[in-house]
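Have a look at the structure below, then the notes.
There are 2 protein chains.
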Amino acid sequence: MAKIADIGPDSVRFVCMWKKDDICKMAVLAFNIESESGKARAGNIQTDHGTIQTPIFMPVGTVGSVKAVTQQQLKLDVQAQIILGNTYHLYLRPGTEVLEAAGGLHQFMGWDRPILTDSGGYQVFSLAANRKIKEEGVIFQSHIDGSKHLFSPESVMDIQRSIGADIIMAFDECPPYPSDHNYAKKSMELTHRWLTRCFDRLAETPDKYGYTQNLFPIVQGSTFKDLRTASCEFIASKNAVGNAIGGLSVGEPIEMMYEFTDLCCSILPANKPRYLMGVGTPWNLLECIDLGIDMFDCVMPTRNGRNGMLFTTQGVINIRNKKWEKDFSPIDIGLPSEPSQYYSKAYMRHLFVAGEILGLQLASIHNLSFYLWLVGEARKHILQNTFTAFKQQMLPILQQRL
Amino acid sequence: MAKIADIGPDSVRFVCMWKKDDICKMAVLAFNIESESGKARAGNIQTDHGTIQTPIFMPVGTVGSVKAVTQQQLKLDVQAQIILGNTYHLYLRPGTEVLEAAGGLHQFMGWDRPILTDSGGYQVFSLAANRKIKEEGVIFQSHIDGSKHLFSPESVMDIQRSIGADIIMAFDECPPYPSDHNYAKKSMELTHRWLTRCFDRLAETPDKYGYTQNLFPIVQGSTFKDLRTASCEFIASKNAVGNAIGGLSVGEPIEMMYEFTDLCCSILPANKPRYLMGVGTPWNLLECIDLGIDMFDCVMPTRNGRNGMLFTTQGVINIRNKKWEKDFSPIDIGLPSEPSQYYSKAYMRHLFVAGEILGLQLASIHNLSFYLWLVGEARKHILQNTFTAFKQQMLPILQQRL
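Protein chains in written order, with the working numbering: chain A, -8 to 393; chain B, -8 to 393.
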């Protein structure tokens, strides 16, 4: 069902919910700030697959599955609003042919809410073997079977068209940390030239499945103020529907991560969503919301969950610890999510000690539910203009090791 | 809430549903045959944790978890009515101290329907190292850490009391297949002496958690008609509330398995549930229901599921096969279970090829849902007296490799 909504100064547009058999008119992504509390913003992002309330955390579903969580659990327990897929991994498996035959990733995996795909830039640099960076793109060997591939701005846009995410990321070069200024500058400039090619390629190709796919550019510049500033300004000039900050949380000191996030937020447009890639812990999230970030993704809740690290409203738990052996209290008394109330710490510990798959599942669902709850609470407090007090109260509790 | 129900000739008794804070009067297990179709029976078993409709399949939750399935999925998707736990495994992890502190396995894992525990006899013989069989019991070394333990009829009854299952199994010796007649005879006689000690120990110890725990003896005798007959007669003389057939499906030819199942069913009491341990494939289940079996357990749906073998209403699928790569039809169009309708074969194949945990979960849920559906359909047809026709129709379909 389509209805016309007047969102803002940009244009009158159709707001459309995608239905499997009833593809309606497409609309570009729109962002609406409902309230601000200091630099923190509470808003909503409209996509053709539905609305996302910000600040938002996006569970990572690298290869078309948020590890160990069903799509039903994602909806009902985690209450995820948007998830991530990864272009590098999806390109290798199942591949664009299968995804196109399925009608896109939404159809393939059975997720009818928004999806964002990372461009694969980071994976090409961190996972693939024998990579060669050229002006054209990156030649690399698959970490799975050693086969050779080329990723260029154009091919990555095409692959992301095939995957069919609502938000697609620019193909960028991710310099290692630390990099010297010369390398970081050349890398940033390459990323900027690639960004222009991404936009060009997108403009000359149609959306593949009847809904709009929106490109977010990525700010780079390593940890050099002049480069970050230049990159933000270049990215801002592209007037994209949203902007991302890449290349942070790659090993730099935490204070530096906050410093550069703050810097980027001060330059990137205020009226567009700001996405800080690959961040972070629950306390990182609160600090960065306070700097003006609207969107986050991170493998931490799922990966660390599978390793027995539980983030709770009461603090951090290492569930294998013997102290939980006979603690029959719920995983997290403060979290209104069914699994987190239903299963006990002692049972979770047992599952992990016994190597049971259920432990991985429940830890992942719990941690993700917790992250979604946390950003939901942050949003509530921003709307009430009590975010700073909320953050100050939560930070010491969230970080304590139980 | 307790209500008095007149179940049968045995006695007027309380039928009681266990509630966490409202433990009511205990009652011994009762079995009621509602209908027969040839040798097949449709009935119900009443326990203090609720009713089980037979024929029934019992998912195996070895160490307090049906692998890769949450308790919510067990209830809602699989519609499991009773699950298995294993004494050997639970004794080692989490151990009786933790289980007692939790108030029993039901409380520990969050399962409020019936539980049956296997006595560990089979695991002691198949898993443990350095086992020594004596009249007293079996001394063995844990497969986890090499620690030494003694399992005797008395200690196994005590452990099962602590675990708190509604149905507990006798501690038996499981001879290898094949065994010579002399060995099988001595083993059977030992199992019979141990059975008497199991009953004695149970009679002198109280139910631990306020509900009745019921002992099922196990028929042995390898594949010798005279021994099986003797064992059935001995077990029948114990007048237990239910009886199990052990030591089959251990490598003998399938026709022999059916032959000995038929033999045992012809001797074991008709008015008590008959439990065939460790069986089997969907077609084994139908054949054995047709011989008079009421209860089954097997790791096949879960273990084979985790290895990519899906049992469906249309036949058997090896989901890794390339032929499923672009088959976007549901896992099983004939199975009214949400995950089996929601996810496609192509997506399942992708999950398995990519090594995703979600594949293990969905395959397990699907296969278990299928097994529960199958016994439910069998039951329906027994009630309608159309079971033979149902079986003949289903057998070729279920066994075909798709």
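Ideal Cβ placement from N, Cα and C applies to all residues, glycine included.
- A Cβ-Cβ contact shorter than 7 angstroms links Asp323(A) with Ser331(A).
- Burial of Thr214(B) is indicated by the presence of at least 16 other C-beta atoms within 10 angstroms of its C-beta.
- Per DSSP, the unbroken beta strand (DSSP E) holding Asp109(A) starts and ends at Ile106 to Asp109.
- It is roughly 7 angstroms from the alpha-carbon of Arg188(B) to the alpha-carbon of Glu145(B).
- Across the set Met49(B), Leu81(B), Thr53(B) and His80(B), the C-alpha of Met49(B) shows the shortest separation from the C-alpha of Lys66(B).
- Within the same chain, Cβ atoms closer than 7 angstroms to the Cβ of Val241(B) are found at Tyr168, the five residues on either side in sequence being excluded.
- Bridge partners of Ile154(A) according to DSSP: none are assigned.
- Close partners of Gln352(B) in chain A (Cβ separation under 8 angstroms): Ala59, Thr61, Ile348 and Gln352.
- A check of alpha carbon separations from Ser228(A) across Phe190(A), Val147(A) and Thr203(A) identifies Phe190(A) as the nearest.
- Between the C-alpha atoms of Arg84(B) and Glu347(A) there is a straight-line separation of about 11 angstroms.
- The continuous beta strand (DSSP E) containing Leu206(A) extends over residues Asn205 to Phe207.
- In this chain, Val307(B) is not harboured by any alpha helix (DSSP H); it is covered by the beta strand (DSSP E) spanning Gly306 to Asn309.
- The beta carbons of Ser26(A) and Leu276(A) sit no closer together than 7 angstroms.
- Interface with chain B (7 angstroms Cβ-Cβ cutoff): Arg294(A) is excluded.
- Taking each of Ala92(A), Pro105(A) and Cys165(A) in turn and checking the Cα distance to Gly111(A), the smallest one comes out for Cys165(A).
- Neighbours of Pro85(B) in chain A, taken as residues at a C-beta separation under 7 angstroms, are given in chain order as His341.
- Against chain B, the CB of Gly233(A) has no partner CB under 7 angstroms away; the residue lies outside that interface.
- The straight-line gap separating the alpha-carbon atoms of Ile284(A) and Leu96(A) is approximately 27 angstroms.
- Between Ser28(B) and Phe378(B), the C-beta gap is smaller than 7 angstroms, which places the two residues in contact.
- Put simply, the backbone Cα of Gln62(B) is about 25 angstroms away from that of Val51(A).
- Contiguous alpha helix (DSSP H) elements confined to the segment 32 to 96 of chain B occur at 78 to 83 and 87 to 93, taking only those with 4 or more residues.
- Take Leu386(A), set aside five residues on each side of it, and the residues of its chain with a beta-carbon closer than 7 angstroms to its own are Trp274 and Leu277, in chain order.
- Annotated three-state conformation of Met286(B) is strand, per DSSP.
- Taking the beta carbon of Ser328(A) as reference, no residue of chain B falls within 9 angstroms; the closest one sits roughly 12 angstroms away.
- Here the segment 347 to 364 of chain B makes no contact with the segment 231 to 239 of chain B; the two share fewer than three CB pairs at distances below 8 angstroms.
- Chain order gives the chain B residues near Tyr333(A) as Gly101, where near means a beta carbon separation below 7 angstroms.
- Here Tyr266(A) is bridged, per DSSP, to Ala235(A) and Met286(A).
- One Cα belongs to Val290(B), the other to Lys139(A), and the distance between them is close to 42 angstroms.
- Within the same chain, and ignoring the five residues on either side of Ala31(B) in sequence, the residues whose Cβ sits closer than 6 angstroms to its Cβ are Ile280, Asp281, Ile373 and Phe378.
- Put simply, the backbone Cα of Ser178(B) is about 8 angstroms away from that of Gly212(B).
- Under the 7 angstroms criterion on CB atoms, Lys177(B) is classed as non-interfacial with respect to chain A.
- A distance below 8 angstroms between beta-carbons, with the five flanking residues on each side excluded, links Lys123(A) to the following residues of its chain, in chain order: Val129, Ile130 and Phe131.
- Looking at the DSSP output, Ala21(B) bridges to Gln37(B).
- Between the beta-carbon of Trp102(B) and that of Ile135(B) there is about 24 angstroms, and that puts the pair past the 8 angstroms contact cut.
- Counting along the chain, Val241(B) sits inside no beta strand (DSSP E), nor does DSSP assign it H or E at all.
- The residue from Lys216(A), Ile356(A), Asn77(A) and Glu127(A) with its alpha-carbon nearest to that of Gln151(A) is Asn77(A).
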